[in-house]
Amino acid sequence: MKKDSMRLRVLLGYVLIAALSLSLPAQTLPTAKPEDVGLSTERLQRINEVIQRYIESNQISGAVTLVARKGRIAHYEAHGLMDIEAKKPIRKDAIFRMASSTKPAAGVAIMMLVEEGKVRLSDPVSRFIPEFKNPKVAIPKPSVPALVAQGQPPPVPEISTISATREITVRDLLTHTSGLGSGGASAGEAAKVMQARKPTDTLADFIPRLGALPLDFQPGTQFRYSGLAGIDVLSRIVEIASGQTFDQFLKQRVFDPLGMKDTFFALPEDRQSRLMTLYRRAGDKLEKHPNQGMLMNRVYFSGAAGLVSTAEDYFHFAQMLANGGQLNGKRFLSPRTVALMSSNHTGELFPGQLGRPVGMGFGFTVEVVVDPIKADSRRSMGSFGWDGAFGTHFWVDPKEQIVAVLMIQTANRGLHRDFENAVMQAIVE
Numbered sequence: 355m356k357k358d359s360m361r362l363r364v365l366l367g368y369v370l371i372a373a374l375s376l377s378l379p380a381q382t383l384p385t386a387k388p389e390d391v392g393l394s395t396e397r398l399q400r401i402n403e404v405i406q407r408y409i410e411s412n413q414i415s416g417a418v419t420l421v422a423r424k425g426r427i428a429h430y431e432a433h434g435l436m437d438i439e440a441k442k443p444i445r446k447d448a449i450f451r452m453a454s455s456t457k458p459a460a461g462v463a464i465m466m467l468v469e470e471g472k473v474r475l476s477d478p479v480s481r482f483i484p485e486f487k488n489p490k491v492a493i494p495k496p497s498v499p500a501l502v503a504q505g506q507p508p509p510v511p512e513i514s515t516i517s518a519t520r521e522i523t524v525r526d527l528l529t530h531t532s533g534l535g536s537g538g539a540s541a542g543e544a545a546k547v548m549q550a551r552k553p554t555d556t557l558a559d560f561i562p563r564l565g566a567l568p569l570d571f572q573p574g575t576q577f578r579y580s581g582l583a584g585i586d587v588l589s590r591i592v593e594i595a596s597g598q599t600f601d602q603f604l605k606q607r608v609f610d611p612l613g614m615k616d617t618f619f620a621l622p623e624d625r626q627s628r629l630m631t632l633y634r635r636a637g638d639k640l641e642k643h644p645n646q647g648m649l650m651n652r653v654y655f656s657g658a659a660g661l662v663s664t665a666e667d668y669f670h671f672a673q674m675l676a677n678g679g680q681l682n683g684k685r686f687l688s689p690r691t692v693a694l695m696s697s698n699h700t701g702e703l704f705p706g707q708l709g710r711p712v713g714m715g716f717g718f719t720v721e722v723v724v725d726p727i728k729a730d731s732r733r734s735m736g737s738f739g740w741d742g743a744f745g746t747h748f749w750v751d752p753k754e755q756i757v758a759v760l761m762i763q764t765a766n767r768g769l770h771r772d773f774e775n776a777v778m779q780a781i782v783e
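Just so we're aligned, residue 355 is where the sequence shown starts under my numbering, counting upward by one.
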């Protein structure tokens, strides 16, 4: 009898576990037939045609494309190869190096802390990192033009410094108007600091050293893209204000709650086979990039460029923004905060930078379509998003309730524009 009683308890335990597992919500993607969300099935096929043209012309090896409207995915396709030499077909859950597509995640992290009152947009960086107190601005010294040997870079100009009119702020870093590490007069000094970074350096080790760098211009007076330094400083501010390492903050506060199961700073071994091969253009062909592990790091968590992710994961992140800061019943930011992030904070400073035309503006870590006619953009006024150096691209179109994600691993701005066109022309109501 005792054995039977034990078996019964075990059996009841299994039944209870099974019942609980059935009651848990399944992590399924919200999908829809294109026509159910105002898109055309036939016209969405033009995305495939565009991607195929770029593959056949050896501009990319493959791509994953995703388009959602009204919160439901109507197009999700894998195209081409993830490794040309191995003839390995791409898969929808391929993992991509996000490069600067990491930056919006850093922007969301900062804005979460702004909402909690732990960070203010007007805060000087020195409130968190004292080394940024009393900044200097670099002024190039007049010099006689030097003869440069063919194929050699021009010499780095000598600089003098003057005092900055004010300290750089959190807002300056979010909008790339700080002048920190933005490729200007102090580029030579910045290069020395970056080259001295040790493989074991964390954000806490390295970021204070950037405080000694002269700025490229007076804070707030120009837009100059700070590809690494500026957003990495914000990443360190997240650590100081939250008491967590940057990777832990993003995992606990953003990635896990959003269901972003394949988004990391350092790719785990069990996912290595899904990592898309990184290629670069070599004439009319593609060649493997010699540094396939570029920007991934297990100790230095770069909010500027360090993440790897998938189209599905990044869709969850973008859809949260499209929903005004919430997804699946969980709120990450308020609608007002998302609206603030995606507003133009740089006036007319952004056009002309990074090849962007008149009609574009810049918010907090995202570009914004201010005037689609002047910008010659198929995206609606108020659309926002960003790119990565290895080709990743996304945008959110609040007016049309569109979220679009393009994942590739070869830089190609032309494809970004063609993808935008193919997505927007598929809207039929």
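Built from N, CA and C at the ideal position, the CB exists for glycine as well.
All of these numbers come straight from a predicted model, not from anything done at the bench.
Helix, strand or coil: how does DSSP classify residue i here?
i: Pro484; result: helix
i: Ile414; result: coil
i: Glu783; result: coil
i: His670; result: helix
i: Thr719; result: coil
i: Phe560; result: helix
i: Tyr430; result: strand
i: Phe773; result: helix
i: Met355; result: Any reading at Met355 must be qualified, since the residue scores a pLDDT of 44, below 50, and its modelled position is unreliable; the value itself is stated next. Note: Met355 maps to coil in three-state DSSP.
i: Leu687; result: coil
i: Arg732; result: coil
i: Met466; result: helix
i: Lys457; result: helix
i: Val587; result: helix
i: Ser540; result: coil
i: Gln763; result: coil
i: Thr450; result: It is Phe, not Thr, that sits at residue 450 in the sequence shown. Phe450 falls in the strand class under three-state DSSP.
i: Gly709; result: helix
i: Pro511; result: coil
i: Ser532; result: coil
i: Gly637; result: coil
i: Gln598; result: coil
i: Pro379; result: Confidence at Pro379 is low in this model, with a pLDDT of 39, below 50, so the placement of that residue should be treated as unreliable; the coordinate-derived value is given next. In the structure shown, Pro379 sits in coil (DSSP, three-state: anything other than H, G, I, E or B).
i: Asp437; result: strand
i: Ala566; result: coil
i: Val313; result: No answer is possible for residue 313: the residues shown for the chain start at 355 and end at 783.
i: Gln626; result: helix
Is the beta carbon of residue i sitting closer than 7 Å to the one on residue j?
i: Gly717; j: Met695; result: yes
i: Ala386; j: Ala428; result: yes
i: Leu681; j: Gln673; result: yes
i: Phe336; j: Val759; result: Missing from the structure shown is residue 336; the chain here goes from 355 to 783 and no further.
i: Ala453; j: Met436; result: no
i: Val418; j: Met761; result: yes
i: Pro568; j: Ala492; result: yes
i: His670; j: Leu612; result: yes
i: Gly542; j: Ala583; result: no
i: Gln413; j: Asn677; result: no
i: Val653; j: Leu675; result: no
i: Ser663; j: Thr719; result: no
i: Gly565; j: Phe486; result: yes
i: Val587; j: Arg563; result: no
i: Tyr467; j: Ala558; result: A quick correction: the sequence has Leu, not Tyr, at residue 467. Going by C-beta atoms, Leu467 is not nearer than 7 Å to Ala558.
i: Arg423; j: Gln626; result: no
From the DSSP secondary-structure annotation, give me the bridge partner or partners of residue i.
i: Ala758; result: Val421 and Trp749
i: Thr714; result: Note on identity: in this sequence residue 714 is Met, with Thr being the wrong assignment. Paired residue(s): Val723.
i: Gly478; result: A small correction: the amino acid at residue 478 is Pro; Gly does not occupy that position in the sequence shown. Thr523.
i: Ser580; result: Bridge partners of Ser580: none, in fact.
i: Ala492; result: Thr515
i: Lys442; result: Asp437
i: Asp741; result: His747
Contact check, residue i vs residue j under 8 Å by CB: the rounded distance?
i: Phe600; j: Gly657; result: 6 Å
i: Ile483; j: Ile561; result: 6 Å
i: Ile438; j: Leu640; result: 7 Å
i: Phe577; j: Gln707; result: 5 Å
i: Glu702; j: Arg710; result: No, Glu702 and Arg710 are not in contact; Cβ-Cβ is about 11 Å, not under 8 Å.
Classify residue i: buried if its beta carbon has 16 or more other beta carbons within 10 angstroms, exposed otherwise.
i: Val712; result: exposed
i: Pro573; result: buried
i: Glu783; result: exposed
i: Glu593; result: buried
i: Ile727; result: exposed
i: Ala440; result: exposed
i: Lys457; result: buried
i: Ile371; result: Per-residue confidence for Ile371 stands at a pLDDT of 32, beneath the threshold of 50, marking its modelled position as unreliable; the derived number appears in the next sentence. The residue is exposed, with fewer than 16 neighbouring Cβ atoms inside 10 Å.
i: Asn698; result: buried
i: Met360; result: Low confidence applies to Met360: its pLDDT is 40, below 50, so where it sits in the model is not reliable, and the reading given next is rough at best. The residue is exposed, with fewer than 16 neighbouring Cβ atoms inside 10 Å.
i: Leu383; result: exposed
i: Ile522; result: buried
i: Gln763; result: buried
i: Pro689; result: exposed
i: Ser791; result: Look at the range of the chain in this structure, 355 to 783, and you will see that residue 791 is not part of it.
i: Gly683; result: exposed
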